[in-house]
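Residue numbers (my numbering): 1 to 425. Heads up, the beta-carbon is just placed ideally off N, CA and C, and yes, glycines get one too.
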Amino acid sequence: MVNSTTSIRMVNNKLIVPDRVTIPFITGDGIGPDVTAATQSVVNAAIETAYQSEKKIIWKEVFAGEKAFHQTGEWLPYETLNAFKEYVVGIKGPLTTPVGGGVRSLNVALRKDLDLYVCLRPVRYFQGINAPVTQPEKIDVTIFRENTEDVYSGIEFEPDSQESKMFLDWLQEHLPDSYQKIRFPQSVGLGIKPISKQGSQRVIQAAIEYAIRNKKPIVTLIHKGNIMKFTEGAFRMWGYDLAESNYQDFIYTARQFEHTKKNAGIFEANKEKEWAMSNGRIWMNDVITDAAFQNLLLYPQDFSVIATSNLNGDYLSDALAAQVGGIGISPGANINYQNGIAVFEATHGTAPDIAGKNLANPSSLILSSVLMLQYLGWNEAAELITKALEKTINHGQLTQDLAQFVVGSTTLSTDEFAKAIINNF
Ligand code: NAI
């Protein structure tokens with residue numbers, strides 16, 4: 001039974017957060033218990049320091065993954081999904097993806113079942129971490145990855161299967177030109193890539209509104225529309241359509257610039273852009289995915305907020321996380337901004353090689369909890385943790401995964417790292 005006095009509600013597009021709030025959490029498998037315990041101790045201490053007894057999180061454990069399977073025989077019990085729906089905001093550690101047997105990835109299942117259409121991945125550098133690029137401090141990018149469509153929709157036909165044969169026969173009969181484009185029809189595996197206007201615009205809208213709220217200068221649509229015109233190309237077009245029709249007081253787009261240039265010449269286009277920029281408009285542009293990978297390495301300062309489709313976002317968020325020193329420190333969240341349901345998560349896996357050894361780096365889940373506190377509007381506690389984490393890392397107090405690359409650093413266990421953060425409040 002839900003305790004309504006401690007549960008979050010969404011009223012008129014606004015989250016109503018009580019001072020004592022119940023947050024369901026999934027501990028996760030492998031290193032999940034280690035990083036969850038560390039995160040909860042840091043979050044509790046930050047709330048206590050920032051608000052004394054005025055605010056409090058009541059942690060409510062719910063089950064998924066191996067722990068759930070052992071207890072209930074199910075990998076993702078109905079009660080868990082229901083708790084996230086009822087309490088609106090939750091957090092999770094990493095989950096083992098069961099291999100084979102037709103079991104869906106639990107992460108994908110959570111996103112789908114709760115319609116968490118944005119995968120939010122902010123990536124920034126922390127001074128003191130060994131990064132593989134020369135100027136990692138230039139990276140401060142927030143990725144809005146579409147989370148429910150694209151090749152992740154799971155519509156795939158195995159080569160030689162009944163389904164692929166039926167599909168190929170249909171194609172041959174009804175769309176012979178398309179059928180002709182398949183190089184080896186005898187042995188082909190097929191997948192479907194659905195990308196819709198609604199699906200694209202809701203994630204692009206979330207990115208635009210984030211940029212407006214946080215005074216970010218650029219929103220970039222990343223797509224492979226030069227090749228996949230009606231899916232990736234449409235994503236780009238719908239993004240510009242949305243910005244130009246609903247956000248004209250906030251955004252000036254590269255497409256508007258091109259339009260003016262074509263009709264009135266470069267001088268007029270430059271003048272228009274200059275006016276827009278000096279009047280506080282956000283610049284919206286688009287970049288083809290392969291160029292985006294290149295430019296994020298060469299000119300990361302040209303990126304601020306990214307909106308992209310599911311597969312591009314998957315690749316981009318891990319590549320960018322690697323640029324600042326690894327996914328062990330990158331937070332993530334899956335959010336439905338329309339009904340408010342949000343699940344904050346560690347972005348790394350269960351790291352079975354170091355599970356239960358008190359060696360794991362809890363930064364990813366700790367920073368995800370910072371995102372969660374910001375989402376709740378508890379910014380003072382979020383700020384305390386961010387600053388203390390910056391200080392801890394900058395002083396060379398690191399868990400072994402990072403310490404091994406930093407000369408003169410001190411190697412801390414998971415517990416000690418959490419305590420060091422709290423000491424640095
Ligand atoms: P992984 O992220 O668990 O491990 C890759 C490497 O990074 C390992 O050497 C591990 O020790 C290290 N590592 C990861 N997180 C770390 C941390 N916080 N501190 C220190 N070292 C860390 O990826 P892998 O091995 O591919 O996957 C293992 C399991 O995790 C699989 O079952 C996979 O499906 C699952 N997984 C779950 C995810 C999630 O729940 N979001 C995401 C990725 C994988």
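- When the Cα atoms are used, Asn312 and Gln52 turn out to be separated by approximately 43 Å.
- Under the three-state reduction of DSSP, Glu86 is assigned to helix.
- Sequence-distant Cβ neighbours of Thr27 in its own chain, meaning closer than 7 Å and more than five residues away, are Pro33, Thr36, Glu61, Lys67, Gly93.
- The ligand NAI has no heavy atom closer than 7 Å to the beta-carbon of Ser330.
- Relative to the ligand NAI, even the nearest heavy atom lies 7 Å or more away from the CB of Val133.
- Inter-residue distance for Leu76 and Ser369 is about 22 Å (C-alpha atoms, whole angstroms).
- DSSP lists Ile222 as the bridge partner or partners of Val287.
- Distances between the C-beta of Pro300 and the heavy atoms of the ligand NAI are all 7 Å or more.
- Around the beta-carbon of Phe267, fewer than 16 other beta-carbon atoms lie within 10 Å, marking it exposed.
- By the C-beta density criterion, Phe230 is exposed, having fewer than 16 other C-beta atoms within 10 angstroms.
- Between the ligand NAI and Ile393, a heavy atom-to-CB distance of less than 7 Å is absent.
- Around the C-beta of Asn334, 16 or more other C-beta atoms lie within 10 Å, and the residue is accordingly described as buried.
- Judged by beta-carbon spacing, Val343 lies within the 8 Å limit of Ile91, meaning their Cβ atoms are closer than that value.
- For Tyr179, the uninterrupted alpha helix (DSSP H) segment begins and ends at 176 to 180.
- In the DSSP assignment, Pro24 is bridged to Lys60.
- Annotated three-state conformation of Pro122 is strand, per DSSP.
- Two segments are said to touch when three or more pairs of C-beta atoms, one from each, lie closer than 8 Å; by this definition the region 139 to 154 touches the region 296 to 310.
- For Ser309, the Cβ stays outside the 7 Å cut-off from all heavy atoms of the ligand NAI.
- Taken through DSSP and simplified to helix, strand or coil, Arg145 comes out as strand.
- DSSP places Asn334 in the uninterrupted beta strand (DSSP E) bounded by 331 to 335.
- Setting aside the 5 residues that flank it on each side, Ser178 is surrounded in the same chain by Leu171, each with a C-beta closer than 7 Å to its C-beta; the list follows chain order.
- Between Gly225 and Ser196, the alpha-carbon positions lie close to 14 Å from each other.
- C-alpha of Asn423 to C-alpha of Pro18: approximately 28 Å in a straight line.
- In the three-state reduction of the DSSP assignment, Ile421 falls in the helix class, which pools H, G and I.
- The beta-carbon separation of Leu106 and Thr97, rounded to 7 Å, stays under the 8 Å limit for a contact.
- In the structure shown, Gln248 adopts coil according to DSSP, grouped into three states.
- Straight across, the Cα-Cα distance linking Phe167 with Glu156 is about 11 Å.
- Between the region 117 to 132 and the region 375 to 393, the count of C-beta pairs closer than 8 Å reaches three or more; the two stretches touch.
- Between Leu359 and Ser413, the beta carbon gap of about 7 Å places them in contact (Cβ cut-off 8 Å).
- In the three-state DSSP reduction, Thr80 falls in the helix class (H, G or I).
- Here Trp275 is exposed. Its C-beta has fewer than 16 other C-beta atoms within 10 Å.
- Beta bridge pairing from DSSP links Glu345 with Lys92, Gly332.
- Cβ-Cβ distances below 6 Å link Ser409 to Gly396, Leu398, Ala403 in the same chain, with the five nearest sequence neighbours on each side left out; the list follows chain order.
- Residue burial is scored here from C-beta neighbours: Phe184 has fewer than 16 other C-beta atoms within 10 angstroms and is therefore classed as exposed.
- Annotated three-state conformation of Val43 is helix, per DSSP.
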